[in-house]
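2 protein chains.
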Amino acid sequence: MHFELDPRAPTPPSEQLADQVRFAVAAERMAPGDRLPSVRALAAEVRVNPNTVSRAWRELEREGVLESRRGDGMFVAAKALAVCRKAAARVVAERLERAVLEACAAGLTNQEIETLVRAACAADLAPRPRKSA
Amino acid sequence: MHFELDPRAPTPPSEQLADQVRFAVAAERMAPGDRLPSVRALAAEVRVNPNTVSRAWRELEREGVLESRRGDGMFVAAKALAVCRKAAARVVAERLERAVLEACAAGLTNQEIETLVRAACAADLAPRPRKSA
DNA sequence: ATGGGTGTCCTACCCCGATAGGACACCCGT
DNA sequence: ACGGGTGTCCTATCGGGGTAGGACACCCAT
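Taken in order, these protein sequences are the chains called A and B. Each residue of the first sequence is one higher than the one before, counting from 1 in my numbering. Each residue of the second sequence is one higher than the one before, counting from 1001 in my numbering.
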């Protein structure tokens, strides 16, 4: 699992990381039992303070997405799939709706909006061979 | 022009206000010469500090969207339409794309995404009797 | 000229999230 | 037993953005 932070995104780093895990589990790119990168390793990789990663992992543990094995590592929990499916669907739907309403407010026609959406879908599916880059 | 703040949105209040003006101009719900609500009045209406509104207006003036007439008020600038059309299109496209990519990452199919988008469009068009088609 | 409206600017304070650096408890291979 | 990996916790500190309150300059109707 590869992580990436977008410094221009409106959401803070810790939330971006948490979302990426939630979405990966929801999309079954990660399965229960999978080990996550260590706090320190991931922090070094994405150039962030270890505390920031730790906070994300802690929140996910609170939600039941992750399980911590002290001295060993963090692992995707058994019930993670169910939890993440619900959470991801809710979050994604909300953000999508917000973006669409914004587009409407900006005067875009439904036609234009759907064109943009289709383009974005295509852009996502094309370049990614579904594993590591 | 009616303003509204969403406290749960990821973007700060001042940016929300600025966006609402940009989008209103882009969608021609506001035209050059129109007067904006006064800093203090709008601040009271949306329950925010006057400085927050002032900051939004100042940023819009910097972009050429608004013109300040000291002691009189803030007005939509002559070149506002052109500026806002570009800015709004860029911002909206970016946020829409971000939301769609997120949805893809969360495992939604293109089919599901388009359904959500259509629903959001419909939800927006229904309650609002669109000024200029 | 006056008073009330306008935008502008300034200083202080505060909250939240990220940063920095350290200390501790745990697990496991050696 | 040891050492290096793991997560956890703690105390600062910093910075952005919003808040609070005030002071000022300007325009205009009265």
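We put the beta carbon where it would ideally sit given N, CA and C, even for glycine. All of these numbers come straight from a predicted model, not from anything done at the bench.
| query | result |
| --- | --- |
| Which of helix, strand or coil DSSP assigns to V1046 of chain B | coil |
| Beta-carbon proximity check, P13 of chain A vs V48 of chain A, cutoff 7 Å | yes |
| Contact set between the segment 100 to 115 of chain A and chain B, restricted to residues whose Cβ is under 7 Å from the partner | V100, L101, E102, A103, C104, A105, A106, G107, L108, N110, I113, E114 |
| C-beta contact flag for A18 of chain A and E59 of chain A at 7 Å | yes |
| Inter-residue Cα distance where the pair is R1136 of chain B and G107 of chain A | Residue 1136 of chain B lies beyond the stretch modelled for chain B, which goes from 1001 to 1133, so this question has no answer here. |
| Own chain residues within Cβ distance below 8 Å of L1066 of chain B, not counting five before or after | V1021, L1036, W1057, L1060, M1074, F1075, V1076, A1077, A1080 |
| Through-space distance from V1100 of chain B to R1085 of chain B, alpha-carbon basis | 22 Å |
| Environment of T1109 of chain B [buried if 16+ CB atoms lie within 10 Å] | exposed |
| Cβ shell of F1003 of chain B (< 8 Å), same chain only, five flanking positions each side left out | L1017, Q1020, P1037, L1042, E1045, V1046 |
| Three-state secondary structure (DSSP) of K1067 of chain B | A quick correction: the sequence has Glu, not Lys, at residue 1067 of chain B. Strand. |
| Cβ neighbours of L1005 of chain B in the same chain (closer than 6 Å, five flanking residues each side left out) | P1013, Q1016, V1046 |
| Alpha-carbon spacing of A123 of chain A relative to A1122 of chain B, whole angstroms | 25 Å |
| Neighbouring residues, chain B, relative to R95 of chain A (Cβ below 7 Å) | A1099, E1102 |
| Beta carbon proximity, A1027 of chain B to chain A, threshold 7 Å | yes |
| Proximity below 7 Å, CB of V1025 of chain B to CB of V1039 of chain B | no |
| Three-way DSSP call (helix, strand, coil) for R35 of chain A in this model | strand |
| Nearest residue (CA-CA) to A1093 of chain B, options A:A105, A:R29, A:E63 | A:A105 |
| Residues sharing a beta bridge with F1075 of chain B, DSSP | B:R1035, B:E1067 |
| A120 of chain A, buried or exposed, once every other Cβ within 10 Å from all chains shown has been counted against 16 | buried |
| CB contact below 7 Å: P1140 of chain B versus chain A | This structure leaves residue 1140 of chain B out entirely; chain B is present only between 1001 and 1133. |
| Distance, P32 of chain A Cα to R69 of chain A Cα | 14 Å |
| Any C-beta of chain A under 7 Å from that of A1120 of chain B | yes |
| Test: A1044 of chain B CB closer than 7 Å to a CB of chain A | no |
| Pick from B:P1050, B:R1062, B:D1072 that is closest to D1034 of chain B, judged by C-alpha positions | B:D1072 |
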